[in-house]
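Chains as they are written, first to last, in this note's numbering: chain A, 2 to 130; chain B, 2 to 130; chain C, 2 to 130; chain D, 2 to 130.
Below is the structure:
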């Protein structure tokens with residue numbers, strides 16, 4: 002896929018749109034996205050739900066994985082929750098760790114406006130021919 | 002926490018409510034939940050977004066982890082995406098694997114109405130005194 | 002591969018032989034193995050080293066993954082250390098969770114002689130044509 | 002623990018000594034180690050066994066985690082196998098990602114002499130008071 006097609010495909014994602022997550026940049030094997038926290042992102046304790054953090058990280062990761070000219074589908078995702086957060090805008094930054102013929106791996110950091118680490122995410126993608 | 006308090010706390014989760022996820026049962030170290038797929042759960046390919054599957058699994062897991070009389074917060078979550086799915090109702094079933102003084106671990110399966118495996122999830126919780 | 006070939010291939014593993022790990026059974030998508038703890042398995046605290054537990058689990062998992070008529074290579078491995086252990090014989094039991102055309106997933110439990118859970122392991126294999 | 006004590010404790014690890022793994026450097030939240038491949042590290046396919054790679058990564062990670070003045074025990078470990086390798090010396094480099102009061106997280110890369118990525122590892126440690 003061309004970068005423009007990747008953008009088009011990712012924009013059609015209704016789950017992230019429904020949850021206020023936006024892609025802000027796609028590079029080569031790299032991507033950035035944002036989520037401004039609203040009450041709809043909070044769990045019963047009043048902090049951002051783990052699923053919201055995962056979705057932000059995973060989405061940005063999918064953008065990075067699909068920036069390489071092949072369609073890539075997610076095999077897995079692993080997230081560590083580092084620090085709870087209740088307000089502000091979160092930024093996810095995905096970076097490629099390895100790019101094989103069929104498997105690629107990515108790390109993502111999720112940070113808040115003070116550049117504090119909120120979560121770290123790691124995922125593998127399967128690259129289709 | 003008493004089981005009733007756990008239910009109350011989990012019901013306050015606005016992210017899962019916003020995404021149509023419901024808890025259906027809490028046992029001892031076990032829980033069940035459901036998500037009926039709507040267009041809001043779909044990614045650009047028209048299948049349920051990984052973040053939606055993660056949220057369903059993680060939420061049910063939190064219920065199981067908090068069923069043991071201590072407040073428990075999620076340390077991590079790992080999901081493998083087994084099979085893509087586009088419609089119907091998904092069920093998540095969380096089971097306790099180990100219960101230590103400070104750390105507990107859980108496995109979750111996410112299945113569709115035909116009892117096909119959609120995703121498997123594993124998480125660790127930190128139990129507060 | 003036929004089951005006999007899998008056995009032959011796995012028996013050639015010099016790392017597990019060097020570390021006293023043995024395969025005891027291979028079924029369909031399932032396998033069992035053992036490690037009798039010696040001083041060579043211990044870390045500086047006198048308990049079995051995490052790497053020894055991982056190796057036991059991963060090896061048994063490889064046996065289960067290669068029992069399905071296709072050669073399978075390990076993509077990843079995730080282990081949670083539940084309980085430390087210093088002596089006796091450990092048993093690893095691998096069970097298939099999913100078997101796709103190219104990806105298969107497995108859970109492994111590592112238990113001691115009192116059937117206490119020492120570690121849980123999860124891995125994905127890539128199945129070659 | 003003082004850095005010297007950490008070194009002493011880690012040197013007592015008989016499993017890594019038995020498998021030819023050495024710690025070469027400990028910094029603040031960082032560590033380096035090495036393993037020169039011998040036939041004892043190989044699996045049935047003649048490449049370095051996953052358990053050997055895990056052990057190298059996990060050991061270096063334990064050094065980094067114990068460099069912070071508190072005793073730290075491993076909660077888990079996740080490894081992705083990127084590239085198979087049969088000879089030469091492997092280097093593991095552990096870096097701290099987060100350092101909380103009770104939980105710390107680390108990433109480790111395992112590279113060969115050509116600086117090719119062989120495996121990536123991620124782990125969480127529990128910090129004791």
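Ideal Cβ placement from N, Cα and C applies to all residues, glycine included. Note that this is a predicted model, so its numbers are computed, not measured.
- Residue contact with chain B for residue 121/C: present (Cβ-Cβ distance below 8 angstroms to some residue of chain B).
- The beta-carbon of residue 59/A is placed no less than 8 angstroms from the nearest beta-carbon of chain D.
- Residue 63/A places its beta carbon less than 8 angstroms from that of residue 11/A.
- Per the C-alpha coordinates, the member of 114/A, 105/A and 130/A positioned closest to residue 86/A is 114/A.
- Interface criterion not met: the Cβ of residue 88/B is under 8 angstroms from no Cβ in chain A.
- DSSP places residue 77/C inside the beta strand (DSSP E), whose first and last residues are 73-82.
- If you look at residue 110/A, you'll find it in the beta strand (DSSP E) that goes 104-112.
- With contacts defined by Cβ atoms closer than 8 angstroms, residue 55/D and residue 52/C form a contacting pair.
- Of the other Cβ atoms in all chains shown, fewer than 16 fall within 10 Å of the Cβ of residue 25/C; this residue is therefore exposed.
- Within the segment 62-89 of chain A, the residues whose Cβ lies closer than 9 angstroms to some Cβ of chain C are 76, 77 and 79, listed in chain order.
- Residue 75/C sits away from residue 32/C, with the two beta carbons spaced by 8 angstroms or more.
- A straight-line Cα-Cα distance of about 17 angstroms links residue 49/B and residue 124/A.
- In this structure, residue 105/B and residue 66/B form a Cβ contact; the two beta carbons are roughly 6 angstroms apart against a cut-off of 8 angstroms.
- Residue 97/B is classed as buried because its beta carbon has at least 16 other beta carbons within 10 Å across all chains shown.
- Beta-carbon to beta-carbon, residue 38/B and residue 89/B are separated by about 6 angstroms, close enough to satisfy the 8 angstroms threshold.
- Contact annotation: residue 42/C and residue 41/D have beta-carbon atoms that are not nearer than 8 angstroms.
- At a cut-off of 8 angstroms, the C-beta of residue 106/D has a neighbouring C-beta in chain A.
- Along the segment 90-103 of chain C, the positions whose C-beta sits under 9 angstroms from a C-beta of chain B are 98, 99 and 101, read in chain order.
- An exposed status is given to residue 101/C, since fewer than 16 other beta-carbon atoms sit within 10 Å of its beta-carbon.
- A straight-line Cα-Cα distance of about 25 angstroms links residue 92/C and residue 122/D.
- For residue 54/D, not one C-beta of chain A is nearer than 8 angstroms to its own C-beta.
- The C-beta separation of residue 6/B from residue 23/B comes to about 18 angstroms, leaving the pair out of contact by the 8 angstroms criterion.
- With a threshold of 8 angstroms between beta carbons, residue 10/C makes contact with chain D.
- Taking 9 angstroms as the cut-off between beta carbons, none of the residues of the segment 30-50 of chain A comes near chain D.
- Nearest to residue 79/A by alpha-carbon distance, out of 70/A, 110/A, 71/A and 99/A, is 110/A.
- Think of a sphere of 9 angstroms around the beta carbon of residue 5/B: no beta carbon from chain A falls inside it, the nearest being about 14 angstroms out.
- Residue 16/C and residue 99/C have their C-alpha atoms roughly 27 angstroms apart.
- In this structure, DSSP gives residue 51/C a helical state, which the three-state scheme calls helix.
- Shown here, residue 68/C sits in a helix according to DSSP, grouped into three states.
- In this chain, the alpha helix (DSSP H) harbouring residue 7/B covers 4-12.
- Interface criterion not met: the Cβ of residue 129/C is under 8 angstroms from no Cβ in chain A.
- Exclusion of the five residues before and after residue 129/D leaves 71, 72, 73 and 74 as the residues of its chain whose Cβ lies within less than 8 angstroms of its Cβ.
- For the pair residue 44/D and residue 77/C, the Cα-to-Cα distance works out to about 16 angstroms.
- The three-state secondary structure of residue 43/C, taken from DSSP, is strand.
- Shown here, residue 17/A sits in a helix according to DSSP, grouped into three states.
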